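Residue numbers (this note's numbering): 1281 to 1717. Virtual Cβ for every residue (Gly too), placed ideally from N, Cα, C. As the structure is a computational prediction, the values presented were derived from the model and not from experiment. To start, the structure itself, in structure tokens.
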């Protein structure tokens, strides 16, 4: 070949390759764990519609074999969701079965389903357990393996074809209220870290490849701790494992589970919302209704001094985790109040009711799901009154209320976002909301 022709051919190949790379469809956004890729409930997907119904912008619906409060997670072309069945109205759960389902993200067709009968006697189907059930922990995936925590059902690792890779027990006890498990697992380096407070009053880390227990840290303070562990990335490159327990915030070594520092938050009672971070400031919510919210300067060793408590406020969220955006905290809490607060000072900027009011405990609470931020909008899923869309700004503005007619079951799960679509799940079905065909 003529050398000049070869040069021209090579240049042409480079040009075509660059054009192909620039114009090829981008990979679908993954939503691999509770509250998204960074566990901050934030998506910049501009294509997610703000309005929908049973006949508008609903791409598909898949009926599920049971109930559940866990969120869907997404990797590539697959949506994973968990649920449970076999409970009896009498309270008997001797036939309890938990399910893991893989769904085609585009078509909504089921790829496979794996069923896991309960290995230990579980809490009876009565009281508060009926509000969320036996599949409340959202799975997590690293793109190769799906990791699922079922509370007293233990933890299981599955490949993307549904083959079981390993299974491990986390305990068979119950918390003092018999409310079941709540927190969702976290992947950190080679570890899968689980809040096993319900069944074992412990945080437990497993080798994610083998299922071997690497560490287990037990504490009586974990009895009513239902939140999920988080990772704080320090300015010096060190990483702390954060966990909010009743009355305290812990900063732990994620490799060993050893406590590095702690702060007394004063949030007594059960803790369900996850801690949020901005820089080295940690925001903690929960406790008994009305206990409050607290901003803490992350510590280094031992107890955080009172000067490390940056602010306190007695307005909070009992179940949903707020979302942080442009220095402001947003949530629609379990009482149905949308509030926005300045993250630096804790000052409340607005507080408006959007959902039905509380009539007390249990079914009186209109919101369990945590809000997510999509672009410049807050999406807050209520249990029985649809999804509320608010402007993410310090002035209250309700943009839309979206109801899927024909589904009167509870929507307890925080939604997921992927490739222009919003994925919702109720106790009846999994939904894909998106514009276009």
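Same chain, Cβ closer than 6 Å to residue i, five either side skipped, listed in chain order
| i | result |
| --- | --- |
| residue 1365 | 1345, 1346 and 1377 |
| residue 1563 | 1556 and 1575 |
| residue 1397 | 1377 |
| residue 1617 | 1631 and 1633 |
| residue 1711 | 1341 and 1704 |
| residue 1715 | 1329 and 1337 |
Beta-carbon proximity check, residue i vs residue j, cutoff 8 Å
| i | j | result |
| --- | --- | --- |
| residue 1478 | residue 1491 | no |
| residue 1432 | residue 1412 | no |
| residue 1315 | residue 1706 | no |
| residue 1437 | residue 1512 | no |
| residue 1502 | residue 1510 | no |
| residue 1498 | residue 1481 | yes |
| residue 1603 | residue 1614 | no |
| residue 1668 | residue 1612 | yes |
| residue 1392 | residue 1451 | no |
| residue 1507 | residue 1524 | yes |
| residue 1585 | residue 1542 | no |
| residue 1309 | residue 1325 | yes |
| residue 1535 | residue 1486 | no |
| residue 1519 | residue 1544 | no |
| residue 1331 | residue 1680 | yes |
| residue 1601 | residue 1553 | yes |
| residue 1590 | residue 1551 | no |
Any non-hydrogen atom of the ligand SAM closer than 7 Å to residue i Cβ
| i | result |
| --- | --- |
| residue 1631 | With respect to small molecules bound, the structure shown includes none, and the ligand SAM cannot be examined in it. |
For residue j and residue i, the rounded distance between their alpha carbons
| i | j | result |
| --- | --- | --- |
| residue 1567 | residue 1357 | 39 Å |
| residue 1323 | residue 1659 | 11 Å |
| residue 1307 | residue 1526 | With a pLDDT of 42 at residue 1307, under the threshold of 50, the modelled position of this residue cannot be trusted, and the question is left open. |
| residue 1713 | residue 1334 | 10 Å |
| residue 1302 | residue 1700 | Any answer about residue 1302 is weak, because its pLDDT of 32 lies below 50 and its placement is not dependable; what the coordinates show is given next. Residue 1302 and residue 1700: Cα-Cα distance of roughly 19 Å. |
| residue 1619 | residue 1533 | 34 Å |
| residue 1462 | residue 1565 | 15 Å |
| residue 1692 | residue 1609 | 21 Å |
| residue 1683 | residue 1664 | 9 Å |
Residue of the options minimising C-alpha distance to residue i
| i | options | result |
| --- | --- | --- |
| residue 1472 | 1456, 1455, 1446 and 1628 | 1446 |
| residue 1470 | 1495, 1528 and 1338 | 1495 |
| residue 1690 | 1329, 1673, 1465 and 1410 | 1410 |
| residue 1587 | 1599, 1612 and 1561 | 1561 |
| residue 1312 | 1590, 1440 and 1387 | 1440 |
| residue 1622 | 1475, 1605, 1614 and 1465 | 1605 |
| residue 1725 | 1600, 1465 and 1541 | As shown, the chain starts at 1281 and ends at 1717. That puts residue 1725 outside it, with no answer to give. |
| residue 1672 | 1664, 1647, 1626 and 1607 | 1607 |
| residue 1458 | 1589, 1681, 1467 and 1407 | 1407 |
| residue 1655 | 1573, 1467, 1687 and 1697 | 1697 |
| residue 1629 | 1348, 1317 and 1674 | 1674 |
Exposure of residue i, with buried meaning 16 or more beta-carbon neighbours within 10 Å
| i | result |
| --- | --- |
| residue 1580 | exposed |
| residue 1653 | buried |
| residue 1327 | exposed |
| residue 1678 | exposed |
| residue 1476 | buried |
| residue 1573 | buried |
| residue 1695 | buried |
Cβ neighbours of residue i in the same chain (closer than 8 Å, five flanking residues each side left out)
| i | result |
| --- | --- |
| residue 1304 | Note that residue 1304 scores a pLDDT of 31, beneath 50, so its modelled location is shaky; the value from the coordinates is reported in the next line. So no residue of the chain qualifies. |
| residue 1373 | 1366, 1367, 1398, 1401, 1402, 1403, 1404, 1405 and 1414 |
| residue 1360 | 1352, 1353, 1354, 1380, 1381, 1382, 1383, 1419, 1421 and 1426 |
| residue 1571 | 1546, 1547, 1548, 1549, 1594 and 1596 |
| residue 1424 | 1439 and 1440 |
| residue 1386 | 1357 |
Cut-off 7 Å between Cβ atoms - residues of its own chain near residue i, not counting five sequence neighbours on either side
| i | result |
| --- | --- |
| residue 1484 | 1450, 1474, 1476, 1493 and 1496 |
| residue 1444 | 1436 and 1438 |
| residue 1687 | 1706, 1708 and 1709 |
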